[in-house]
Amino acid sequence: MDYYDQHVHTDFSFDSDEKMAAYLKLAGDNFVSTEHLDFKDPDDKDGDDLFDYDAYSREIHRLEEDTGKHIFKGVEIGYFAGREKDIKSYLKKHDFDIKLLSFHRGPDYDFDDSMVSQMDPLKVADQYYRLMWKGINAFHDADVLAHFDYGVRQLNLTSGMFETTAGVLLANILKLAVRYNMAFELNTTSMYKYHNIGLYDYALEIYKQLGGKRFTIGSDAHDTTQYMRNYENAVDMLKAHDIHHVNVYRKNAMIIVPLDDVDEGIKY
99 MDYYDQHVHT DFSFDSDEKM AAYLKLAGDN FVSTEHLDFK DPDDKDGDDL FDYDAYSREI
159 HRLEEDTGKH IFKGVEIGYF AGREKDIKSY LKKHDFDIKL LSFHRGPDYD FDDSMVSQMD
219 PLKVADQYYR LMWKGINAFH DADVLAHFDY GVRQLNLTSG MFETTAGVLL ANILKLAVRY
279 NMAFELNTTS MYKYHNIGLY DYALEIYKQL GGKRFTIGSD AHDTTQYMRN YENAVDMLKA
339 HDIHHVNVYR KNAMIIVPLD DVDEGIKY
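Here it is as structure tokens:
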């Protein structure tokens, strides 16, 4: 089986205008989109960012009929403290092949807001990973921990600065990810657009040393120009850490996709 991008957004997500059909022109026999499900403060005037699951399902069925390709359903769960019951209720009513867990927002702002770049980087990092630590303790019904570095994308942190500020917190977070069988995502937008290759090199080894054996590569594409972006570079990083496989998900079941002929003797 060929690997396919495990983090993709279409116009069913609030921040993408790309049609699923456009991605299918680039994809092989298999494709998955992972649409945003972002819960917010109940007092937020903009409301939650949910997507039309029924319309999503109909479009997948139509495109499968038209193209003969296998299209899988995915969701990127944007965690918000205090909304765990709402998240669980939504997931109970809707089926997905893969569930990504993300931490986008604090109580007052999204960590991708431009204002974050003007804040004290060490304070932001500490705040973000404390939020993630509490969040992953409260909710962990997911297959993949997505873009672990989202909260520091707007900052200019070296791996040394990161280790000093958030290293212990991240190790504890990744320990829980391993315990709950969550894959480590190599997010190529983070790695190459936001220049966080060093942070991924650092965190990947921690996850592996803690016993983590599940890895996905996701472009975090919001249009077709980003689909499978820098995939080969992410593969090279995995191999540099003596990791010779990636994983895909179907019906929440993990599938191993070898990257070469090296027998890792992995037992899950």
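Just so you know, the numbering used here puts 278 at position 180 of the sequence shown, and the rest follows in order with no gaps. Glycine included, C-beta positions come from ideal geometry on N, C-alpha and C.
Cβ pair residue i, residue j closer than 7 angstroms
| i | j | result |
| --- | --- | --- |
| Phe441 | Leu122 | Residue 441 cannot be examined here, being either before or after the span of the chain that is shown, 99 to 366. |
| His342 | Tyr278 | no |
| Leu198 | Ala244 | yes |
| Arg312 | Asn345 | yes |
| Tyr177 | Phe201 | yes |
| His105 | Tyr151 | no |
| Tyr209 | Arg181 | In the sequence under discussion, the amino acid at residue 209 is Phe, which differs from the Tyr named in the question. Going by C-beta atoms, Phe209 is not nearer than 7 angstroms to Arg181. |
| Leu220 | Thr165 | no |
| Ala179 | Phe246 | no |
| Val276 | Gly310 | yes |
| Asp103 | Met326 | yes |
| Lys167 | Asp109 | no |
| Met230 | Ile271 | yes |
| Ile234 | Leu267 | no |
| Gly316 | Glu362 | no |
DSSP three-state assignment for residue i, whether helix, strand or coil
| i | result |
| --- | --- |
| Lys291 | helix |
| Lys117 | coil |
| Ile364 | coil |
| Lys273 | helix |
| Met138 | Rather than Met, the amino acid found at residue 138 in this sequence is Lys. Three-state DSSP puts Lys138 in coil, outside helix and strand. |
| Thr314 | strand |
| Asp299 | helix |
| Asp147 | strand |
| Asp70 | As shown, the chain starts at 99 and ends at 366. That puts residue 70 outside it, with no answer to give. |
| Thr286 | helix |
| Leu124 | coil |
| Leu308 | coil |
| Leu198 | strand |
Proximity test, residue i beta-carbon vs the ligand NAD heavy atom, cut-off 6 angstroms
| i | result |
| --- | --- |
| Asn254 | Summarising the ligand content, the structure contains no ligands, and the ligand NAD is consequently not present. |
Beta-carbon proximity list for residue i, same chain, < 6 angstroms, skipping 5 on both sides
| i | result |
| --- | --- |
| Met289 | Ile295, Tyr298 |
| Glu162 | Ile169 |
| Tyr101 | Val344, Val355 |
Cut-off 8 angstroms between Cβ atoms - residues of its own chain near residue i, not counting five sequence neighbours on either side
| i | result |
| --- | --- |
| Ala269 | Ile304, Leu308 |
| His107 | Asp113, Ser114, Glu116, Ser131, Thr132, Glu133, His134, Glu174, Asp318, Ala319, His320 |
| Val360 | His342 |
| Lys337 | Leu357, Asp358 |
| Tyr329 | Tyr101, Asp103, Thr286, Ile315, Ser317 |
Residues of its chain near residue i, where Cβ-Cβ distance is below 7 angstroms and the 5 sequence neighbours each way are ignored
| i | result |
| --- | --- |
| Tyr188 | Leu135 |
| Ile158 | Ile169, Lys171 |
| His71 | As displayed, the chain neither begins before 99 nor continues past 366, which places residue 71 out of reach and without an answer. |
| Leu148 | Leu135 |
Supposed close pair residue i, residue j - CB separation, criterion 8 angstroms
| i | j | result |
| --- | --- | --- |
| Val242 | Met280 | 6 angstroms |
| Thr322 | Ala153 | At roughly 21 angstroms, the Cβ-Cβ gap does not stay under 8 angstroms, so Thr322 and Ala153 are not in contact. |
| Asn350 | Asp195 | 7 angstroms |
| Phe260 | Ala223 | 7 angstroms |
| Leu253 | Ser215 | 7 angstroms |
| Gly258 | Gln225 | Contact flag wrong, Cβ pair sits at about 20 angstroms. |
List, from N- to C-terminal side, the beta strand (DSSP E) runs of 3 residues or more that fit wholly inside the stretch 213-264. Complete beta strand (DSSP E) runs here, min 3: none at all.
Which whole runs of the beta strand (DSSP E) in the stretch 158-188 are 3 residues long or more, in chain order? List check, beta strand (DSSP E) in window: 168-176.
Please go through the stretch 318-348 and give each complete beta strand (DSSP E) segment of 3 or more residues, from N-terminal end onward. Within the stretch 318-348, the complete beta strand (DSSP E) runs of at least 3 residues are 343-348.
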